[in-house]
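Q: Handing you this structure, nothing more for now.
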Amino acid sequence: MALTEKKVNQIAYLARLSLNEAQLKNNTQDLNAIFSLFEQLVNIETDGIEPMSHPLHMSQRLREDVVTEQDQSILLQSVAPETSNGYYLVPTVIE
Amino acid sequence: MEWETVIGLEIHAQLNTKSKIFSAASTQYGKKPNSQACVVDLGLPGVLPVLNVEAVNKAIKFGVAINAHINQRNVFDRKNYFYPDLPKGYQISQMDWPIVGEGKIEITLDNQTKIVGITRAHLEEDAGKSIHDMFDDNTAIDLNRAGIPLLEIVSEPDMRSAKEAVVYAKKIHTLVQYIDICDGNMQEGSFRCDANVSIRPKGQKELGTRAELKNINSFKFLERAINLEVGRQQDILEEGGKIVQETRLYDSMKHETRSMRSKEEANDYRYFPDPDLLPVEISDELLEKIRQTLPELPAQKKERFVAELGLGDYDADVLTSQKPLADYFEAMLEYHTGNAKLCANWVMGELSASLNKYQIDIQNSPITAQALSLLISRIGDDTISGKAAKDVFKAMWNSEDSADKIIQAKGLKQMTDMGEIEAIVEQVIANNAPQVVQFKSGNDKILGFLVGQIMKLTAGKANPKQVNELLRKKLS
């Protein structure tokens, strides 16, 4: 399975990465080299093996349903590029 | 050509936990913008999500209530897309291992019962809110909603009309409130529906291309949006066109659906297991405990109303169709153990009519269950007639006064002095000789006329049943 430059460009767009021509070429090469390692898995018998969803054999610890967070919006908004009346402002999104 | 409509629904129910699914910020509605968005909700670097036990319990509760398969090992994934109200750039959701697997819901429409399949129900976090019309050059973001736990309930494409879709959605809406996992408030967005709609020539097996309708916040709009979309698709197909698979926004003001192109290019969500969260393990013990504590479900309540209270099928159905309505009715029975049927009639009749007229939710009814049950007791103990009770009800609606106080003030108390009633009965017999003759010659209907005359003379305060009996006795 080889990735085309077109596909890599598409993936880059989904991740909002802008690649120039040289980067696109390099990335495509690198990714395909990585993929060739995965190719080895194709030869392994995987029938009856449950897909691994997590590398650790542990389960999630749960938190009690209690509110402990205070309103820190003034502090948190001090690092935002733009705010008004308690809102974070972003460039207009057109629906 | 005859077309068949195919509908599947995705229902987002906000779980009514106190804190968010992955953070300890409050979930309260209507607070100052961003006052309940903590570092985890904002997706600041270095923070970690910690799963809320109640979100898990409530999801299990739903699964158990619909007899669905519960995946005792389930996994959170990242659903990647960029949007300003999703600060992390991904939504934590469940893809391959949802907490609730396949289940079934039975719906009834026009006396026909059918099964709608539930494909799955998974836990995820809600996004924030984007407000587009507040500022001229910016979109405003409020992240108080970001991280509120959602249970996304996905149905099979089993519904064949907008009406069926509404019945199904209402059924889920009722259920989540019964089992107390969601407040069901559609105006506040606690319960939201997306509809996947397609059409196909009748008899065709494979599904047509579907459109996903979003932004539907009432059952009325759900029905309208689906019918609108079916019409649009029919027009396109009948003119030889093709349906494009897309997300469409329902606009209730303009009564149209329109394409949301912004969602299209991002359709590749590149799901993968979230490395910040370990798989969730649900023990047999927990599952059993939740099964044991499941409250009475609508169908069970309905059965009990029929079997124990002697209500008709229809009445029991209406009273259990909404949790608050059933709660009100049951609260009445606590004060008024006598006649359940009479209570049911009043709740479904006068009370519902008035609530509808003034657009008031039953939880906010100006007449409490206790007050109404007192009024009904006064019919039962013959203090007032059923007719007078309606006047008392109207007066209670507009004041704080109790039924007893109003009965007293308006002088509506029925006559109990038999001697007094008897005198009036005799007077009416004497004054209406021709009608008396008619009655004696076999015209039974004329009795109503005589009763009417007596009621008139007593200003409606006599008990019609007593008058009737007395009259028959005198005339026989």
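As they're listed, the protein sequences go chains V and S. When you number the first sequence by my numbering, it's gap-free, plus one each residue, and the end is 1098. When you number the second sequence by my numbering, it's gap-free, plus one each residue, and the end is 481. Even for Gly, the Cβ is constructed at its ideal location relative to N, Cα and C.
1) Identify the continuous alpha helix (DSSP H) that holds S:Val80 and give its terminal residues.
2) Using CA coordinates, which residue listed in S:Val171, S:Asp279, S:Ser288, S:Val433 is at the minimum distance from S:Thr113?
3) Do the segment 16 to 32 of chain S and the segment 255 to 262 of chain S meet, that is, are 3 or more Cβ pairs less than 8 Å apart?
4) For S:Val397 versus S:Met353, is the C-beta spacing smaller than 8 Å?
5) Answer with buried or exposed for S:Asp387, where buried requires no fewer than 16 other C-beta atoms within 10 angstroms of its C-beta.
6) By the three-class DSSP mapping on this structure, what secondary structure does S:Gly208 have?
7) When we look at the beta-carbon of S:Asn39 and count the other beta-carbons within 10 Å, is it buried (16 or more) or exposed?
8) Count the other C-beta atoms from every protein chain shown that fall within 10 angstroms of the C-beta of S:Asp82, then say buried if there are 16 or more, exposed otherwise.
9) Tell me the rounded alpha-carbon separation between S:Ile372 and S:Tyr86.
10) If I measure Cβ to Cβ from S:Pro300 and keep anything under 8 Å in the same chain, skipping five residues before and after, which residues do I get?
11) Can you find a CB in chain V that lies within less than 8 Å of the CB of S:Asp273?
12) Determine the DSSP secondary structure at S:Met265, reduced to helix, strand or coil.
13) Could you spell out the range, first to last residue, of the alpha helix (DSSP H) harbouring S:Val45?
14) Would DSSP call S:Glu339 helix, strand or coil?
15) Mark S:Thr325 as exposed unless 16 or more other C-beta atoms lie within 10 angstroms of its C-beta, in which case mark it buried.
16) Residues of chain V with CB closer than 7 Å to the CB of S:Glu59, please, in chain order.
17) Can you name the residues of chain V whose CB is closer than 7 Å to the CB of S:Lys395?
18) Is the distance from the Cβ of S:Leu379 to the Cβ of S:Ala394 below 8 Å?
19) Is any beta-carbon of chain S found at less than 8 Å from that of V:Val1096?
20) Let me check understanding here. Comparing Cα to Cα, which of S:Ala331, S:Asn232, S:Glu308 lies closest to S:Ala349?
21) Taking only the alpha-carbon atoms, compute the straight-line gap between S:Gly35 and S:Asn190 and give it to the nearest angstrom.
22) Candidates S:Lys399, S:Ile384, S:Ala345: which alpha carbon is nearest S:Lys362's?
23) Does the CB of V:Ser1087 have a neighbour CB from chain S at under 8 Å?
24) Roughly how many angstroms separate the alpha carbons of S:Ala151 and S:Phe196, rounded to a whole number?
25) Buried or exposed, going by whether 16 or more other CB atoms sit within 10 Å of the CB of S:Arg477?
26) Can you give the beta carbon distance from S:Val69 to S:Val285, rounded, assuming they're within the 8 Å contact cut?
27) Using a Cβ distance threshold of 8 Å, determine whether the segment 15 to 22 of chain S contacts the segment 44 to 63 of chain S, with at least three qualifying pairs required.
28) On the premise that S:Gln327 lies in contact with S:Thr179, defined as a C-beta separation below 8 Å, what is that separation, rounded to the nearest angstrom?
29) If you measure between the beta carbons of S:Ile412 and S:Thr463, is that distance less than 8 Å?
30) Report the option in S:Leu292, S:Ile136, S:Val472, S:Leu233 whose CA atom is closest to the CA atom of S:Ile429.
31) Grab the span of the alpha helix (DSSP H) containing S:Asp147 for me, first residue to last.
32) Can you tell me the Cβ-Cβ gap for S:Phe67 and S:Val105, rounded? I've got them flagged as a contact below 8 Å.
33) Checking 8 Å against the spacing of the C-beta atoms, do S:Thr144 and V:Val1093 come in under that value?
A: In this structure, then:
1) Run containing S:Val80: none; DSSP gives neither H nor E here.
2) When only C-alpha atoms are compared, the closest one is S:Val171.
3) Not touching, per the Cβ criterion.
4) A distance of 8 Å or more separates the beta carbons of S:Val397 and S:Met353.
5) S:Asp387 is exposed by the Cβ-count criterion.
6) DSSP places S:Gly208 in coil when its eight states are reduced to three.
7) The residue is buried, with at least 16 neighbouring Cβ atoms inside 10 Å.
8) Taking all protein chains shown into account, S:Asp82 has 16 or more neighbouring C-beta atoms within 10 Å of its C-beta and is therefore buried.
9) Roughly 50 Å between the two C-alpha positions.
10) Within the same chain, Cβ atoms closer than 8 Å to the Cβ of S:Pro300 are found at Tyr183, Ile184, Asp185, the five residues on either side in sequence being excluded.
11) For S:Asp273, a Cβ of chain V is located within less than 8 Å of the residue's own Cβ.
12) Coil at S:Met265, not helix or strand.
13) Residues 44 to 47.
14) Residue state, collapsed to three classes: helix.
15) So S:Thr325 counts as buried.
16) Near S:Glu59 (Cβ distances below 7 Å), the residues of chain V are Asp1068.
17) The premise fails here: S:Lys395 is roughly 47 Å from chain V at the closest Cβ pair, so nothing lies under 7 Å.
18) No, they are not a contact pair.
19) So yes, V:Val1096 belongs to the interface.
20) For S:Ala349, the nearest C-alpha among the options comes from S:Ala331.
21) The straight-line gap from Cα to Cα measures roughly 13 Å.
22) Checked all of S:Lys399, S:Ile384, S:Ala345; the closest Cα to S:Lys362 is S:Lys399.
23) By the rule that beta-carbons nearer than 8 Å mark a contact, V:Ser1087 touches chain S.
24) Distance between the alpha carbons of S:Ala151 and S:Phe196 is about 15 Å.
25) So S:Arg477 ends up on the exposed side.
26) The beta carbons of S:Val69 and S:Val285 sit about 16 Å from each other, so the pair does not count as a contact at 8 Å.
27) Contact between the segment 15 to 22 of chain S and the segment 44 to 63 of chain S is present, because at least three Cβ pairs lie under 8 Å.
28) Between S:Thr179 and S:Gln327 the beta-carbon gap is near 6 Å, inside 8 Å, which marks them as a contact.
29) Not in contact: S:Ile412 and S:Thr463 (Cβ atoms no closer than 8 Å).
30) Taking only the C-alpha atoms, the option nearest S:Ile429 is S:Val472.
31) No alpha helix (DSSP H) contains S:Asp147, which is instead part of the beta strand (DSSP E) from 143 to 147.
32) At roughly 6 Å, the Cβ-Cβ gap stays under 8 Å, so S:Phe67 and S:Val105 are in contact.
33) Yes. Within cutoff.
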